[in-house]
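In our numbering, the protein residues as written are 10 to 795.
Glycine included, every Cβ here is placed at the ideal spot set by N, Cα and C.
Report on the structure given below.
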Amino acid sequence: MLAAFRRALSDRRQSRLLVLAIVAALATCLLGLRVVLILPDLGIGTITETAANVFAGFLQDILLCCLIAAAAWTALWPRRMRPSLVVYATFIVAVLAFGYGVANIAIVRLLGEPVTIDWLRYSDFLSGAINGILHFADAKTLAMAALVPAFLALLSAAFALLVFRLHRTTPRTALGAASLALAGTLVAGAVAEPTVARARLDNPVIAFFSSVAVPAGPDLDIGAANSGGIGGSRASGGIQKSDIEKSGDLSGIRNVILFVLESVPAEYVYDYSTPAPVTPNINRYGAASLRFNNVYAHAPATNYSLFSLLTSIVPELSSTGMTEKHPDLPLASVANVLSERGYRTAYISSSDSRFQSTDLFLANKGFDVIEDFRDWSCDRVYKNSSETWRYMDFSHDLCTVDRLKNWIAEDATRPFFATFWTGMTHYPYFADDTVRRYVANDDLNRFLNALNVGDAAFGELMRFLEASKLADSTLVVIVGDHGEAFGQHGTYVHASAIYEENIHVPLIFVNAKAFSGQRSDVIGGNTDVAPTILDLLGVERPALWQGASLLATERPGRLYFFSPWNGFKVGYREGNRKYIYNSRGRTLETYDLASDPKETHNLTPDTNEAEPALQHLASWVRYQDDFIEGSILGGHGAVSAGAKARSTGIRIAATGTSFVTPPRARVEVDGATVGFFDVAAAPKNADKAAADDDIAAALTVFEFPLPAGTCPSRVRVEFLNDEWDAQKEIGDTNLFVKEIDVNGVGFSADDMAIDSPDAAARYEDYMALWRQGSVHLDVDDLRVCG
10 MLAAFRRALS DRRQSRLLVL AIVAALATCL LGLRVVLILP DLGIGTITET AANVFAGFLQ
70 DILLCCLIAA AAWTALWPRR MRPSLVVYAT FIVAVLAFGY GVANIAIVRL LGEPVTIDWL
130 RYSDFLSGAI NGILHFADAK TLAMAALVPA FLALLSAAFA LLVFRLHRTT PRTALGAASL
190 ALAGTLVAGA VAEPTVARAR LDNPVIAFFS SVAVPAGPDL DIGAANSGGI GGSRASGGIQ
250 KSDIEKSGDL SGIRNVILFV LESVPAEYVY DYSTPAPVTP NINRYGAASL RFNNVYAHAP
310 ATNYSLFSLL TSIVPELSST GMTEKHPDLP LASVANVLSE RGYRTAYISS SDSRFQSTDL
370 FLANKGFDVI EDFRDWSCDR VYKNSSETWR YMDFSHDLCT VDRLKNWIAE DATRPFFATF
430 WTGMTHYPYF ADDTVRRYVA NDDLNRFLNA LNVGDAAFGE LMRFLEASKL ADSTLVVIVG
490 DHGEAFGQHG TYVHASAIYE ENIHVPLIFV NAKAFSGQRS DVIGGNTDVA PTILDLLGVE
550 RPALWQGASL LATERPGRLY FFSPWNGFKV GYREGNRKYI YNSRGRTLET YDLASDPKET
610 HNLTPDTNEA EPALQHLASW VRYQDDFIEG SILGGHGAVS AGAKARSTGI RIAATGTSFV
670 TPPRARVEVD GATVGFFDVA AAPKNADKAA ADDDIAAALT VFEFPLPAGT CPSRVRVEFL
730 NDEWDAQKEI GDTNLFVKEI DVNGVGFSAD DMAIDSPDAA ARYEDYMALW RQGSVHLDVD
790 DLRVCG
């Protein structure tokens with residue numbers, strides 16, 4: 010048999026058959042892995058469900074195998090290429106593909122879907138990724154990985170014997186049967202309707218190289234419907250009314266401590282929904298606090314939340330954070346604002362501030378002191394870094410709070426603002442010396458023990474403030490930077506999804522004089538934390554900030570979030586509804602958090618909410634991209650903390666068609682005419698219909714300045730010169746309004762209302778007006794008057 014194998018390696022035709030045998034063996038192995046991956050999702054399931062899911066995923070496996078076979082056969086074509094080298098190379102590639110498929114079992118348990126290049130970047134490439142894979146790989150998976158080469162070699166040999174025998178005896182019959190089997194598999198995979206998320210069914214090799222070839226992005230095709238010349242569309246949704254008032258004594262508050270709990274979702278903090286009493290100190294101050302029940306991180310990652318908490322800006326929709334890409338942006342942070350008012354300021358963290366260029370980002374954000382565990386002595390430092398996974402060491406949180414107390418005591422005469430960041434609750438979770446058993450899951454139990462230490466640090470801080478007679482004059486704000494998953498939706502850690510466990514965070518304001526146990530259900534994000542702090546201090550927020558005070562009488566009603574690493578995900582919450590769009594599988598999930606707080610039942614198939622939800626997401630993506638590009642990176646972001654006002658005025662993007670004269674319109678603000686405009690570039694349609702491309706090319710922006718401080722409530726556009734050739738189907742002067750910008754905030758046609766239904770209608774991206782039709786915009790977006 011070995012002699013026959015050696016002869017086959019030297020013969021070009023027989024080497025092609027060996028390649029087919031190897032590829033057939035690989036396909037068989039990948040089919041087996043499909044079953045291993047899918048059964049945990051389905052349980053017993055039905056044969057039909059299992060087959061649909063297997064074939065839906067196996068379609069990509071077959072594609073990979075065909076690509077490998079095609080590459081090998083192409084390489085065998087030149088006569089100078091040694092056949093044996095091609096066969097060996099094919100076998101090595103097959104081993105790697107099979108081995109990666111085995112590793113993908115653990116990857117899917119960790120991330121919910123195959124890994125992408127953006128996830129590798131996020132996890133500091135191989136070190137972080139391998140650590141996670143090894144941690145979540147069980148003994149069976151590790152044993153499978155170890156046996157990959159031997160198993161694939163034996164299976165390839167078996168297929169080789171079969172292929173050679175069929176080739177000698179019934180070559181045409183064998184080829185026909187193989188072709189039919191391949192065609193049947195492709196058809197079955199194409200028509201299969203899987204019952205598990207398609208992203209979980211992706212072939213890991215194809216998924217990874219696709220992420221390398223195609224940059225990650227929200228991939229909302231309908232986003233183009235809201236693009237245009239004014240810079241985005243309305244992004245904040247409607248208005249939600251405040252359910253709480255500032256009723257306590259705020260006059261004595263002069264100090265602020267932002268106490269950030271690393272990787273802590275709301276559900277593990279007492280009185281939210283905790284399964285174990287691990288935060289007794291936070292609970293002890295419940296009667297002296299104001300607790301917000303519905304606050305979210307805009308992205309489930311530390312430095313994205315750091316950026317938002319300090320600057321009140323949603324980060325760029327990118328897999329690389331602003332602290333890394335643009336650490337020196339001179340943005341107005343809450344520390345800048347307070348430093349200009351004479352506050353001492355400090356940033357003190359248990360973790361290494363060099364992580365993702367945190368130290369560089371903080372350098373111009375108004376902090377007098379920036380320190381981490383390297384700047385003080387602590388006998389409990391947790392070493393977690395490696396050459397490739399850098400800056401992942403932490404000190405014990407009680408050591409860190411000791412440093413904060415010492416800094417406060419250095420000068421108690423001046424008001425102070427401090428940001429304190431815990432570290433022990435970051436993966437892999439560093440428990441204290443004495444580990445208590447709260448839950449059966451070891452990872453979650455270790456996390457809860459680490460959270461108990463963070464809570465103890467909070468208790469130490471409060472006792473120090475009380476002993477120093479600073480408790481009444483100090484506002485302590487407890488917030489989670491993002492959440493942490495422990496398998497609730499088939500994922501672990503935090504950055505791979507935007508379910509409640511990933512982004513729903515605690516937010517508690519503590520001060521016995523100001524609060525008495527109030528609770529608020531207002532929906533907000535971590536961009537709203539800094540504006541709320543300034544609101545309580547009676548300080549005006551910078552104009553560029555996107556967030557708004559959670560105590561405002563009215564505030565935006567829609568809260569957006571995203572995760573750009575393993576399949577770009579964007580979503581929002583409005584009322585009790587929550588929407589999550591995954592661009593990788595192009596799927597939308599809809600949840601009612603009132604009846605389904607654990608997000609177990611996707612309502613998308615049962616409702617007609619998909620199209621408006623996707624439109625809202627597309628509008629927000631467009632708005633956020635334009636805001637970051639134009640206002641932050643385009644040179645306008647370098648504003649001082651004291652900046653108070655934005656430019657005021659109306660800008661209208663409009664186009665149209667022209668029969669005799671170009672379309673003309675009147676613009677009114679709150680009933681008063683502010684000007685007129687003519688779309689001189691509108692294409693003529695007297696002799697032939699105007700093409701859509703020509704109409705789009707004529708889009709023109711018209712500007713109408715308003716006095717500084719003007720806050721419009723209604724903008725109206727009235728079409729004035731309807732012309733129409735009644736004898737022909739062509740020849741018509743019409744006006745198309747695409748966007749209205751009010752004080753720098755853009756609104757799309759979705760946001761406009763028709764005054765005269767018989768003279769206006771929605772047409773593609775525009776509001777189309779004829780006769781003397783008009784549309785109006787009711788301005789209920791708080792950012793317009795911010």
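Just to confirm the assignment, what range does the beta strand (DSSP E) spanning residue i have?
| i | result |
| --- | --- |
| K250 | I248 to K250 |
| Q365 | Run containing Q365: none; DSSP gives neither H nor E here. |
| Q555 | Element bounds for Q555: n/a, residue is neither H nor E. |
| A674 | R673 to V678 |
| D601 | T596 to D601 |
| T709 | T709 to P714 |
| E563 | E563 to P565 |
Is the beta carbon of residue i less than 8 Å from the beta carbon of residue j?
| i | j | result |
| --- | --- | --- |
| A344 | F524 | no |
| Y313 | D361 | no |
| I291 | D464 | yes |
| R452 | F495 | Correcting the residue type first, residue 452 is Asp in the shown sequence and not Arg. Yes, Cβ-Cβ distance for D452 and F495 is below 8 Å. |
| E727 | T742 | no |
| V265 | V486 | yes |
| W430 | R412 | no |
| A695 | L744 | no |
| Y581 | L626 | yes |
| I641 | T666 | no |
| F570 | Y305 | yes |
| S802 | D381 | Residue 802 lies beyond the stretch modelled for the chain, which goes from 10 to 795, so this question has no answer here. |
| L470 | V410 | yes |
Using a Cβ-Cβ cut-off of 7 Å (strictly less than) and excluding sequence neighbours within five positions of residue i, which residues of its own chain qualify?
| i | result |
| --- | --- |
| T613 | L597, E598, T599 and A619 |
| N302 | R528, S529 and D530 |
| R725 | E677, S783 and H785 |
| C74 | V32, L35 and A36 |
| N450 | F495 |
| Y109 | P213 and V214 |
| Y438 | D452, R455, F456 and A459 |
In whole angstroms, what is the alpha-carbon distance linking residue i and residue j?
| i | j | result |
| --- | --- | --- |
| G137 | S328 | The predicted position of G137 is uncertain, since its pLDDT is 47 and thus under 50; no value can be drawn from it. |
| S604 | D615 | 15 Å |
| T709 | V676 | 15 Å |
| L68 | L26 | 22 Å |
| G489 | L259 | 24 Å |
| L543 | W554 | 12 Å |
| F711 | A762 | 20 Å |
| V45 | A65 | 14 Å |
| P565 | S628 | 15 Å |
| G295 | D760 | 41 Å |
| L460 | L568 | 27 Å |
| R445 | Y632 | 48 Å |
| A707 | P672 | 12 Å |
| Q781 | D635 | 33 Å |
| G547 | K587 | 33 Å |
| G584 | A699 | 43 Å |
| G492 | H307 | 11 Å |
Can you tell me where the alpha helix (DSSP H) holding residue i begins and where it ends?
| i | result |
| --- | --- |
| N458 | D451 to A476 |
| I704 | D701 to A706 |
| T622 | In the sequence as presented, Thr is not what sits at residue 622; that position holds Ala. Note, A622: alpha helix (DSSP H), A619 to D635. |
| I512 | E509 to I512 |
| T483 | Run containing T483: none in the alpha helix (DSSP H); it sits in the beta strand (DSSP E), T483 to G489. |
| I542 | V538 to L546 |
Apart from the five residues just before and just after residue i, which ones in its own chain have a Cβ nearer than 6 Å to its Cβ?
| i | result |
| --- | --- |
| G556 | S321, T536, D537 and P540 |
| L318 | N535 and V538 |
| A521 | A297 |
| Q497 | E510 |
With a threshold of 8 Å on Cβ separation, who are the neighbours of residue i within its own chain once the five nearest residues in sequence on each side are excluded?
| i | result |
| --- | --- |
| D377 | S348, R353, T354 and A355 |
| N611 | E598, T599 and Y600 |
| A647 | Summary for A647: the model assigns pLDDT 38, below 50, so the residue's position carries little reliability; its value from the coordinates is reported in the next sentence. Here the set comprises L338, P339 and L340. |
* Asked: At what residue ranges does the segment 281-362 contain a whole run of the alpha helix (DSSP H), taking only runs of 4 or more?
  -> DSSP runs (the alpha helix (DSSP H)) wholly in the segment 281-362: 289-293, 311-320, 331-334 and 343-348.
* To do: Starting from the N-terminal side, write out each stretch of the alpha helix (DSSP H) that is 4 residues or longer and does not extend beyond the segment 758-787.
  => Note on the segment 758-787: there is no whole alpha helix (DSSP H) run with a minimum of 4 residues.
* Runs of beta strand (DSSP E) lying entirely within the segment 375-452, each at least 3 residues, in chain order -> With a minimum length of 3 residues, the continuous beta strand (DSSP E) runs that stay inside the segment 375-452 are 378-380 and 425-430.
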